[in-house]
Amino acid sequence: MNISAGFIRRPIATSLLMAGILVAGIIAYTKPPVAALPNVDFPTIEVTASLPGASPDTMASSVAAPLEQQFAAMSSTSGLGSTSITLQFVLNRNIDGAAGDVQTAINAASGLLPKDLPSPPTYRKDNPANRAILIYAVYSNAMPLYQLDNYAYTNLRFR
């Protein structure tokens, strides 16, 4: 028996079935919450260390390299007197457990870091989705700073 034969013999039932499928599709299309940028919390930790007066090369070789070895070769950014290492974990990783592992790795690397480091490296939990995508610098000779700040906050913040 042909699949379409039943639909051909019953055109009213076929039309009602198609109308029902269309209505169900329209209802289903309007119900689910869909976001252009879904809120995904990536388990991310940023480790920072500073050594005042050190060059970027010194920071990369003497501070970032020992930390990277403990963090399984994560990439880092070193600047004048500071270094920043961003660690991103898989989505199902518990961020608190990862923070404990990061603290353990920092402690393990402390013997390899320069002795004149003013404070041990620090870490903080971070969510890259919360970072600003655009930063304005506003300047005016005509307005005092508090008015300019208020103007920027009220007129530019959500544009």
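Residues in the sequence shown are numbered from 14 upward in steps of one, following my numbering. All residues carry an ideal CB built from backbone N, CA and C; glycine is no exception. All values derive from a computational prediction rather than experimental measurement.
Element boundaries [alpha helix (DSSP H), containing residue 78]: Reading the sequence shown from its first residue, position 65 is the one you call residue 78. Residue 78 -> alpha helix (DSSP H) spans 78-83.
Would you decide whether residue 100 is buried or exposed? Buried here means 16 or more other CB atoms lie within 10 Å of its CB. To locate residue 100, count along the sequence shown from 1; it is residue 87. So residue 100 counts as buried.
In terms of residues, what are the limits of the beta strand (DSSP E) holding residue 42? Along the sequence shown, read from residue 1 onward, the residue named residue 42 stands at position 29. Under the DSSP assignment, residue 42 falls outside any beta strand (DSSP E), being part of the alpha helix (DSSP H) whose first and last residues are 24-43.
Tell me whether residue 115 sits in a helix, a strand or coil according to DSSP, three-state version. Here the question's residue 115 lines up with position 102 in the sequence shown. Reduced to three states, the DSSP call for residue 115 is helix.
Using a Cβ-Cβ cut-off of 8 angstroms (strictly less than) and excluding sequence neighbours within five positions of residue 92, which residues of its own chain qualify? Mapped onto the sequence shown, residue 92 falls at position 79. Cβ neighbours of residue 92 within its own chain (closer than 8 angstroms, five residues either side excluded): 69, 72.
Can at least three beta-carbon pairs, one atom from the segment 110-123 and one from the segment 136-143, be found at a separation below 8 angstroms? Touching, yes, given that three or more Cβ pairs across the two stretches are closer than 8 angstroms.
Residue 64 lies in the alpha helix (DSSP H); which residues open and close that run? By 1-based counting over the sequence shown, the position of residue 64 is 51. Note, residue 64: premise wrong, no alpha helix (DSSP H); not H, not E.
Please report how far the alpha carbon of residue 41 lies from the alpha carbon of residue 31, in whole angstroms. Translated into the one-based positions of the sequence shown, residue 41 becomes position 28. Translated into the one-based positions of the sequence shown, residue 31 becomes position 18. Rounded to the nearest whole angstrom, the CA to CA distance from residue 41 to residue 31 is 15 angstroms.
Which residues bound the beta strand (DSSP E) around residue 93? Here residue 93 refers to the residue found at position 80 when the sequence shown is read from its first residue. Note, residue 93: premise wrong, no beta strand (DSSP E); not H, not E.
On the CB-based measure, 16 or more other CB atoms within 10 Å of its CB, does residue 158 come out buried or exposed? Start at 1 with the first residue of the sequence shown, and residue 158 comes out as number 145. Exposed, since its Cβ has fewer than 16 Cβ neighbours within 10 Å.
Can you tell which of 24, 44, 65, 111 has the C-alpha that lies nearest to the C-alpha of residue 128? In the sequence shown, counting from the first residue as 1, residue 128 sits at position 115. Comparing Cα positions, the closest option is 65.
Considering only residues of the same chain and omitting the five flanking positions on each side of residue 111, which have a CB-CB separation below 8 angstroms? Counting from one through the sequence shown, the residue named residue 111 turns up at place 98. Within the same chain, residue 111 has close Cβ partners 56, 58, 100, 102.
For a quick check, are the C-beta atoms of residue 79 and residue 130 less than 8 angstroms apart? Position 66 of the sequence shown holds residue 79. Position 117 of the sequence shown holds residue 130. No, Cβ-Cβ distance for residue 79 and residue 130 is not below 8 angstroms.
Residues near residue 83 in its chain [Cβ-Cβ closer than 8 angstroms; skip 5 each side]: Reading the sequence shown from its first residue, position 70 is the one you call residue 83. If you ignore the 5 residues before and after residue 83, its C-beta comes within less than 8 angstroms of the C-beta of 118, 119, 121, 122, all in its own chain and listed in chain order.
Return helix, strand or coil for residue 58, following the three-state DSSP convention. Along the sequence shown, one-based indexing puts residue 58 at 45. Strand, per DSSP.
With DSSP as the reference, please indicate the residues paired to residue 137 in a beta bridge. On the sequence shown, position 124 is the one that residue 137 refers to. DSSP, once it has assigned bridges, lists 59 as partnering residue 137.
Supposed close pair residue 152, residue 165 - CB separation, criterion 8 angstroms: If you number the sequence shown from 1, residue 152 lands on position 139. If you number the sequence shown from 1, residue 165 lands on position 152. No, residue 152 and residue 165 are not in contact; Cβ-Cβ is about 10 angstroms, not under 8 angstroms.
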